[in-house]
Structure formats: structure tokens, C-alpha cells
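Enquirer: Counting from 1, one number per residue, gives the positions in the sequence shown under UniProt numbering.
Ideal Cβ placement from N, Cα and C applies to all residues, glycine included.
What follows is a single structure, and I will ask about it in a moment.
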Amino acid sequence: MSDTSSPGTSDESAGSPPPPPLVSPDGKFWWDGSQWQPFATEAASSTAQYPSPAGSSSTAQANPADTRVMPPPVHVASTEAATSNGSGFKWSWLFRIAIPLAVLGWWLWPQISGYLSEAGVDVASGSLEDVTCDELADDAVRISEEDTGLGTKLLKVREPRVVEDNRATYEAPTGTNEEVVLACRGQGSWEDGSDVDVRVELTVDSDGDAWVFYKPMP
């Protein structure tokens with residue numbers, strides 16, 4: 001009986017390399033003959049990344065055996081930002097404006113009130129026709145004494161005389177103008193020891209209010 005097998009056939013089959021495994025199109029799995037098996041993956045990186053507050057990447061070392069996901073850092077607003085609101089912002093600007101205005105008003109008021117002040121008894125009673133230069137001189141001295149922000153005080157007005165007289169004909173003006181009812185001039189004695197003439201005026205405004213005004217004359 002003849003042997004029909006070719007010599008060396010079994011040896012050649014045994015020595016040939018196995019065919020390559022079937023790989024899935026995405027390259028993640030291979031076919032073991034009965035089911036798809038995933039390829040072995042490399043160990044997870046030992047460095048985890050998370051966003052930093054400024055938007056750049058910050059790194060933190062992680063335990064390779066720890067598979068937990070690192071939470072992002074928690075940011076807490078500053079005290080000033082957390083407590084500020086629209087109302088507080090408005091109040092801060094209000095104080096910035098109101099305080100300088102109050103200081104300015106406190107400084108200007110004595111400067112104004114000393115030179116423009118209500119007259120004495122005759123003016124208050126409404127009998128402007130009977131006001132005299134002596135009464136206006138006394139009012140000027142009183143104003144200077146009461147208002148401490150006027151600088152050099154007026155101590156006395158000697159021999160006041162009439163320089164303008166509208167007591168019998170004056171009328172209340174319109175708008176913001178003032179009408180001179182009586183103007184007098186005399187020799188003023190001042191706190192610094194000087195003797196300089198002073199002019200004292202009685203005026204009336206559009207509301208019918210009377211005012212005393214005085215100023216030194218050259």
C-alpha cells in the first residue's frame with residue numbers, strides 16, 4: 001500500500017507563523033475566535049489637570065492607583081466683592097460729594113452772612129421810612145460782632161451821614177434785583193486799629209425782605 005502524503009507537509013504547517021488577529025475598524029478590539037476582546041490599555045497618567053482660576057492649566061500629582069476624578073478648586077469671592085451692592089456703591093459716591101460740599105458751605109456762609117444780613121428793629125417792624133443812619137451803623141457793628149468768619153471786626157461807625165435816600169419812594173424790585181432804601185457812610189474803627197470809612201446800605205428784595213449790607217471804602 002502506497003503512502004500518498006507528501007513528505008514534509010506536516011512539518012511546514014507546524015513551522016508557519018499563525019495568521020494575524022482580526023482587528024476592529026476602530027483599532028480598539030481584536031477577535032479571539034469566539035468574541036471581541038479589548039486591547040490592553042496603558043496605566044493611567046500620574047498627573048491630573050484641572051482649570052486654574054486664571055484660565056490656564058494647573059497640574060496636581062495623583063496616585064496612579066487612585067481612579068477618582070479630582071474636583072475643580074472652589075473659589076470664594078472676596079469680602080469686598082461679596083458684600084458690595086448697588087446701594088453701597090451709591091452711598092459711597094454720595095459721601096464723596098456731600099462732605100466736600102458741606103465743608104465748602106460751612107466756610108462760605110460766614111463770608112456771605114456777614115455782609116448780607118437782616119437789619120434791626122425798624123426793618124423787622126416794616127417801618128423802613130423811619131430807619132436812620134445811626135441805626136444802620138449799629139446794625140453793621142452787630143453783624144460784624146456776631147459773625148466770627150469775617151476777619152477784621154468793625155468796632156464802631158462814627159458820624160454816619162446819608163449818601164443815598166429812597167425811604168419815601170422805594171418799591172420792591174422784580175426778579176433778583178435789590179432796591180436801595182437808604183445808604184450811609186461814616187468813619188469806621190476796625191479791630192486792627194485802623195480807621196477806614198465804611199458804607200452801610202439798607203436794601204429790599206422782590207419778596208419785600210430788608211437787608212443790611214456794609215463794606216469798607218477806600
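On the DSSP letters alone, give me the boundaries of the beta strand (DSSP E) that R142 sits inside.
Expert: For the purposes of this step, residue 142 is taken as the residue at position 142 of the sequence shown. That residue, R142, is in no beta strand (DSSP E); its alpha helix (DSSP H) goes C133 to E146.
Enquirer: For R185, which residues from the same chain have a beta carbon less than 8 Å from its beta carbon, with the 5 sequence-adjacent residues on both sides left out?
Expert: Taking the sequence shown and counting its residues from 1, the one referred to as residue 185 is at position 185. Excluding residues within five positions, the ones whose Cβ falls inside 8 Å are P160, R161, V163, D197, V198, R199, V200 and M217.
Enquirer: Buried or exposed for T203, going by 16 or more other Cβ atoms inside 10 Å?
Expert: Taking the sequence shown and counting its residues from 1, one reaches residue 203 at position 203. Answer is buried; the Cβ neighbour count reaches 16.
Enquirer: Cα-Cα, which of V181, T152 and K156 is closest to N166?
Expert: In the sequence shown, counting from the first residue as 1, residue 166 sits at position 166. It is V181 whose Cα lies nearest to the Cα of N166.
Enquirer: Here's the rule: buried if 16 or more other CB atoms are within 10 angstroms of the residue's CB, otherwise exposed. What is V23?
Expert: By 1-based counting over the sequence shown, the position of residue 23 is 23. Exposed, by the Cβ-count rule.
Enquirer: Identify every residue that forms a DSSP beta bridge with K23.
Expert: Here the question's residue 23 lines up with position 23 in the sequence shown. Per the sequence presented here, residue 23 reads as Val, with Lys not at that position. In DSSP, V23 forms a bridge with W30.
Enquirer: Rank D26, V212, Q35 and W36 by C-alpha distance to the C-alpha of T132 and give the top, closest one.
Expert: Here residue 132 refers to the residue found at position 132 when the sequence shown is read from its first residue. Looking at the Cα atoms, V212 is the closest of the given residues.
Enquirer: Over the uninterrupted beta strand (DSSP E) stretch that includes D195, give me the two end residues.
Expert: Indexing the sequence shown from 1 puts residue 195 at position 195. That run of the beta strand (DSSP E) goes D195 to V204.
Enquirer: Is S206 near T174, with beta carbons less than 7 Å apart?
Expert: What you label residue 206 is simply residue 206 of the sequence shown in a count that begins at 1. What you label residue 174 is simply residue 174 of the sequence shown in a count that begins at 1. Result yes, Cβ atoms of S206 and T174 sit closer than 7 Å.
Enquirer: Let me know the secondary structure DSSP gives P218 once reduced to three states.
Expert: Your numbering for residue 218 matches position 218 in the sequence shown. In the structure shown, P218 sits in coil (DSSP, three-state: anything other than H, G, I, E or B).
Enquirer: Compute the distance between the beta-carbons of Y170 and E178, then report whether it is under 7 Å.
Expert: As a position in the sequence shown, residue 170 is number 170, starting the count at 1. As a position in the sequence shown, residue 178 is number 178, starting the count at 1. The answer is no: Cβ separation not under 7 Å.
Enquirer: Please report the straight-line C-alpha distance between L136 and L154, rounded to a whole angstrom.
Expert: Reading the sequence shown from its first residue, position 136 is the one you call residue 136. Reading the sequence shown from its first residue, position 154 is the one you call residue 154. Straight-line Cα distance between these residues: approximately 13 Å.
Enquirer: What did DSSP end up calling G151 once you bin it into helix, strand or coil?
Expert: As a position in the sequence shown, residue 151 is number 151, starting the count at 1. Of the three classes helix, strand and coil, the one that applies to G151 here is coil, per DSSP.
Enquirer: Pop quiz: A140 and V157 are said to be a contact at Cβ under 8 Å. What is the actual Cβ separation, rounded to whole angstroms?
Expert: Counting from 1 along the sequence shown, the entry for residue 140 is found at position 140. Counting from 1 along the sequence shown, the entry for residue 157 is found at position 157. That pair is a contact at about 6 Å.
Enquirer: Enumerate in chain order the residues of its own chain whose CB-to-CB distance from W36 is below 6 Å, with the five nearest sequence positions on each side excluded.
Expert: For the purposes of this step, residue 36 is taken as the residue at position 36 of the sequence shown. Result list for W36: F29, in chain order.
Enquirer: I'd like the span of the beta strand (DSSP E) that includes G175, first residue to last.
Expert: Reading the sequence shown from its first residue, position 175 is the one you call residue 175. Premise fails: G175 is in no beta strand (DSSP E) and is neither H nor E.
Enquirer: Quick one: using the 10 Å Cβ neighbour count with 16 as the cut-off for buried, is I97 buried or exposed?
Expert: The residue labelled residue 97 in the question sits at position 97 within the sequence shown. Label assigned to I97: exposed.
Enquirer: Buried or exposed, going by whether 16 or more other CB atoms sit within 10 Å of the CB of S144?
Expert: In the sequence shown, residue 144 corresponds to position 144, counting from 1. By the 10 Å Cβ count, S144 comes out buried.
Enquirer: Rounded to whole angstroms, what's the CA-CA distance from S189 to D209? Just pull it up for me.
Expert: Working through the sequence shown from its first residue, we reach residue 189 at position 189. Working through the sequence shown from its first residue, we reach residue 209 at position 209. Roughly 29 Å separates the two Cα atoms.
Enquirer: In chain order, what residues of the same chain have a beta carbon less than 7 Å from the beta carbon of P38, not counting five sequence neighbours either side?
Expert: Here residue 38 refers to the residue found at position 38 of the sequence shown. Around P38: K28 and F29.
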